[in-house]
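Mapping of the sequence shown onto this note's numbering: residues 544 to 960, in sequence order.
Here is the structure we will look at, set down as structure tokens.
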Amino acid sequence: MYYDFFSSYNSFMECKMILPKEVLACIELLEKNGKEAYVVGGAIRSFLLGHEIHDYDLTTNALPEEMHQIFLEEKVIDTGLKHGTLTVIKNHLPIEITTYRKDTTYLDHRHPDEVIFTTSLEEDLKRRDFTMNAIAYHPTKGFIDPFEGRMDIEKGYIRTVGNPSQRFEEDALRILRALRFSSELGFTIEEETSSTIHQKKEDLQYISMERIQMEWMRLLLGKNVEHVLKNYKDVFEIFLPEFKKYSMEEWDSIISILPTTSQNFPIRFSILLTSIKVYLPSSFYRRLKFSNALKKEIKTFLEYANHPVDTTISLRLLCGKMERMILPYLEYRCALNPSLNKKELQEEVQRILREDTYCLKQLKINGNDLISLGLQGPKIQETLDALLDAVIHNKCLNEYEALLDYYKTSLISDNKL
Ligand code: ATP
Ligand code: MG
544 MYYDFFSSYN
554 SFMECKMILP
564 KEVLACIELL
574 EKNGKEAYVV
584 GGAIRSFLLG
594 HEIHDYDLTT
604 NALPEEMHQI
614 FLEEKVIDTG
624 LKHGTLTVIK
634 NHLPIEITTY
644 RKDTTYLDHR
654 HPDEVIFTTS
664 LEEDLKRRDF
674 TMNAIAYHPT
684 KGFIDPFEGR
694 MDIEKGYIRT
704 VGNPSQRFEE
714 DALRILRALR
724 FSSELGFTIE
734 EETSSTIHQK
744 KEDLQYISME
754 RIQMEWMRLL
764 LGKNVEHVLK
774 NYKDVFEIFL
784 PEFKKYSMEE
794 WDSIISILPT
804 TSQNFPIRFS
814 ILLTSIKVYL
824 PSSFYRRLKF
834 SNALKKEIKT
844 FLEYANHPVD
854 TTISLRLLCG
864 KMERMILPYL
874 EYRCALNPSL
884 NKKELQEEVQ
894 RILREDTYCL
904 KQLKINGNDL
914 ISLGLQGPKI
924 QETLDALLDA
934 VIHNKCLNEY
944 EALLDYYKTS
954 LISDNKL
């Protein structure tokens, strides 16, 4: 599958891409109906880079209603038929098929004012964001590469198709896509494209936070993340103005930690926020439109950023608070504090999770037991919490009789409750 970068241009044009039979079947069906179809976009880029291909996009001159007719017998999802996109599912492989489109005006910097279909493949390739994403492939006609995307892939360059100012003005999300691709692929953003990104960054304010997040999350996980964050801090400040709190020196030191962690978004984003967490208003998470689970994870990491981790008791308390987040949390702590012994901490936490008591549901006494002792209302929860605390702090064994005894002798007699 791997294409040799250093082979000649002719061998590139003759080079064959082996396509899954499901993709070939879609192309054949469109052609049987008198239409054209090509593989386009990320699949070609990945093929030329020797990377695994995750999904296939096809581009065709069939109009949406024609596509609908042609794939009537197939399992399809109407991804956005009025914009010309249909997803065909074949043997569980989703194949996104889009009608050739051309660029129109974009008054809002994010949506074309109208979708105009075209019969020209070249025009469709011209409206695509970067040269590396504007190559088409056909199983018998080979590669169609009008903007020399293959050469840019070979050099590791991200370059807009056409004038960068105009392309970023049309759709400002392309700014973030360029940075995300640079982080993921380790590519350099070509000079004019790069300087235009700095000039046009303000246009990101027109883009919805949901679309920004999708790119930002992938960007943070890329292998080139440090380089991209270093060179485009001003761009990220448009949607994360909190980063303005960092001097360039502080920023450089924080971002250098990221490549040392696994590719985990909550870990990496929490690292970027740790030193400014006291300044984060409650609206911060709402503004970022994170899922509740993501919000909870990042908030918890930040809240416990300085919690002790040096004793079994402190780790038990953390296991109770963190539940399934405990191992990523340890990674977050160790990344920020390299003097911590990560392996030892992980082993101790694994042991606690296996053998120790650290949460209420493990307690060998429950609410009903306390009710039968005559407790009522909030006292029940308070007593359970106090008993768990005693077990965690080695003051009492987690056994029914021992807990009952501790309740009677320590909690009632000391009037702790
Ligand atoms: P990946 O799937 O890894 O994100 P991709 O290149 O397949 O990479 P998609 O977002 O799936 O990216 O888009 C498919 C293709 O559609 C791109 O390769 C590009 O040609 C085009 N495209 C996507 N978004 C834009 C955009 N905002 N402006 C112009 N063209 C775009
Ligand atoms: Mg894709």
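We put the beta carbon where it would ideally sit given N, CA and C, even for glycine.
GLU792 in three-state terms, based on DSSP: Your numbering for residue 792 matches position 249 in the sequence shown. Reduced to three states, the DSSP call for GLU792 is helix.
For GLU713 and GLN961, the rounded distance between their alpha carbons: Residue 961 cannot be examined here, being either before or after the span of the chain that is shown, 544 to 960.
Inter-residue Cα distance where the pair is LEU954 and GLU846: The sequence position of residue 954 within the sequence shown is 411, counting from 1. The sequence position of residue 846 within the sequence shown is 303, counting from 1. Cα-Cα distance, rounded: 29 Å.
Nearest-angstrom Cβ-Cβ length linking LEU906 and LEU927, presumed shorter than 8 Å: If you number the sequence shown from 1, residue 906 lands on position 363. If you number the sequence shown from 1, residue 927 lands on position 384. With 8 Å as the limit, LEU906 and LEU927 qualify as a contact, their Cβ atoms being about 7 Å apart.
With 16 other Cβ atoms within 10 Å as the buried cut-off, status of LEU615: Within the sequence shown, numbered from 1, the residue matching residue 615 stands at position 72. Counting Cβ neighbours within 10 Å, LEU615 comes out exposed, since fewer than 16 surround it.
Where GLU890 falls: helix, strand or coil (DSSP): The residue given as residue 890 occupies position 347 in the sequence shown. Under the three-state reduction of DSSP output, GLU890 falls in the helix class.
Nonlocal neighbours in the same chain, by C-beta distance under 7 Å from ARG653, ignoring five residues either side: The sequence position of residue 653 within the sequence shown is 110, counting from 1. Answer for ARG653: ASP714, ALA715, LEU716, TYR749 and ILE750, listed in chain order.
Cβ-Cβ distance between THR674 and ASN604 below 7 Å: By 1-based counting over the sequence shown, the position of residue 674 is 131. By 1-based counting over the sequence shown, the position of residue 604 is 61. Result no, Cβ atoms of THR674 and ASN604 do not sit closer than 7 Å.
Counted within 10 angstroms of its Cβ, other Cβ atoms place SER790 as buried (16 or more) or exposed: Looking up residue 790 in the sequence shown gives position 247. Classified as exposed, SER790 has fewer than 16 neighbouring CB atoms from the shown chains inside 10 Å of its CB.
Unbroken stretches of the beta strand (DSSP E), 3 residues or longer, contained in the region 673-729: 679-681 and 685-687
Paired residues, beta bridge with GLY623 - DSSP: Translated into the one-based positions of the sequence shown, residue 623 becomes position 80. According to DSSP, GLY623 bridges with THR628.
Cβ-heavy atom distance, ARG717 to the ligand ATP, below 6 Å: Start at 1 with the first residue of the sequence shown, and residue 717 comes out as number 174. Yes, the beta carbon of ARG717 sits closer than 6 Å to at least one heavy atom of the ligand ATP.
For ILE732 and ARG798, the rounded distance between their alpha carbons: Indexing the sequence shown from 1 puts residue 798 at position 255. Indexing the sequence shown from 1 puts residue 732 at position 189. Reading off the sequence shown, one finds Ile at residue 798, where the question assumed Arg. Whole-angstrom Cα-Cα distance: 19 Å.
Distance between ALA580 and LYS832 (C-alpha atoms, nearest Å): As a working note, residue 832 is residue 289 in the sequence shown. As a working note, residue 580 is residue 37 in the sequence shown. Distance between the alpha carbons of LYS832 and ALA580 is about 37 Å.
Separation of GLN612 from LEU624, as counted between CA atoms: Along the sequence shown, read from residue 1 onward, the residue named residue 624 stands at position 81. Along the sequence shown, read from residue 1 onward, the residue named residue 612 stands at position 69. So the two alpha carbons sit approximately 12 Å from each other.
Span of the alpha helix (DSSP H), counted from its first residue to its last, around LEU601: Stepping through the sequence shown from its first residue, residue 601 is reached at position 58. Boundaries around LEU601 are those of the beta strand (DSSP E), 599-603, since no alpha helix (DSSP H) includes it.
ILE676 classed as buried or exposed, judged by whether at least 16 other C-beta atoms fall within 10 angstroms: Here residue 676 corresponds to residue number 133 of the sequence shown, with the count starting at 1. What sits at residue 676 in the sequence shown is Asn, not Ile. Counting Cβ neighbours within 10 Å, ASN676 comes out buried, since at least 16 surround it.
Continuous alpha helix (DSSP H) stretch holding VAL582: start and end: Sequence index remark: in the sequence shown, residue 582 carries index 39 (1-based). From DSSP, VAL582 is part of no alpha helix (DSSP H) but of the beta strand (DSSP E) over 580-583.
Euclidean distance between Cα positions of TYR950 and LEU728: Mapped onto the sequence shown, residue 950 falls at position 407. Mapped onto the sequence shown, residue 728 falls at position 185. Roughly 60 Å separates the two Cα atoms.
Boundaries of the beta strand (DSSP E) in which PRO637 is found, first to last residue: Locating residue 637 in the sequence shown gives position 94, counting from the first residue. Note, PRO637: beta strand (DSSP E), 636-642.
Straight-line Cα distance separating LEU930 from ILE914: As a position in the sequence shown, residue 914 is number 371, starting the count at 1. As a position in the sequence shown, residue 930 is number 387, starting the count at 1. ILE914 and LEU930: Cα-Cα distance of roughly 15 Å.
Euclidean distance between Cα positions of TYR545 and ILE718: For the purposes of this step, residue 545 is taken as residue 2 along the sequence shown, with counting starting at 1. For the purposes of this step, residue 718 is taken as residue 175 along the sequence shown, with counting starting at 1. Low local confidence applies: a pLDDT of 46 at TYR545 is under 50, so the model's placement there is unreliable, with the coordinate-based value given in what follows. So the alpha carbons of these two residues sit roughly 29 Å apart.
At least 3 beta-carbon pairs within less than 8 Å: the region 809-828 vs the region 842-862: yes
Alpha helix (DSSP H) segment containing ILE781, residue limits: For the purposes of this step, residue 781 is taken as residue 238 along the sequence shown, with counting starting at 1. 776-782 is the span of the alpha helix (DSSP H), which, as asked, contains ILE781.
Alpha-carbon spacing of CYS558 relative to ILE678, whole angstroms: Sequence index remark: in the sequence shown, residue 558 carries index 15 (1-based). Sequence index remark: in the sequence shown, residue 678 carries index 135 (1-based). Each residue's Cα considered, the two are about 14 Å apart.
Counted within 10 angstroms of its Cβ, other Cβ atoms place ASP651 as buried (16 or more) or exposed: Along the sequence shown, one-based indexing puts residue 651 at 108. Exposed.
Residues proximal to the ligand MG by C-beta, any heavy atom closer than 7 Å: Result (chain order): GLY584, GLY585, ASP598 and ASP600.
Close-in-space but distant-in-sequence residues of the same chain around THR647 (CB under 7 Å, 5 per side omitted): The residue you call residue 647 lines up with position 104 of the sequence shown. Here the set comprises PRO655, ASP656, GLU657 and ILE659.
Under the three-state DSSP convention, the category PHE786 falls into: Counted from its first residue, the sequence shown places residue 786 at position 243. Here PHE786 sits in helix by DSSP.
Cα-Cα separation, PHE548 to GLU697: The residue given as residue 548 occupies position 5 in the sequence shown. The residue given as residue 697 occupies position 154 in the sequence shown. Only weak support is given to the placement of PHE548: the predicted model assigns it a pLDDT of 47, under 50, and the question is left unresolved by the model.
Exposed unless 16 or more other CB atoms sit within 10 angstroms - verdict on ILE841: Working through the sequence shown from its first residue, we reach residue 841 at position 298. Flag for ILE841 reads buried.
GLY863 - containing alpha helix (DSSP H), residue span: Counted from its first residue, the sequence shown places residue 863 at position 320. First-last of the alpha helix (DSSP H) with GLY863: 855-865.
Boundaries of the alpha helix (DSSP H) in which ALA848 is found, first to last residue: Along the sequence shown, one-based indexing puts residue 848 at 305. Looking at the DSSP string, ALA848 is not in any alpha helix (DSSP H), and its letter there is neither H nor E.
CB contact flag (SER725, ASN767, <7 Å): Reading the sequence shown from its first residue, position 182 is the one you call residue 725. Reading the sequence shown from its first residue, position 224 is the one you call residue 767. Against a cut-off of 7 Å, the Cβ pair of ASN767 and SER725 comes out as a contact.
Residue(s) in a DSSP beta bridge with LYS838: Position 295 of the sequence shown, counting from 1, holds the residue named residue 838. None, per the DSSP bridge assignment.
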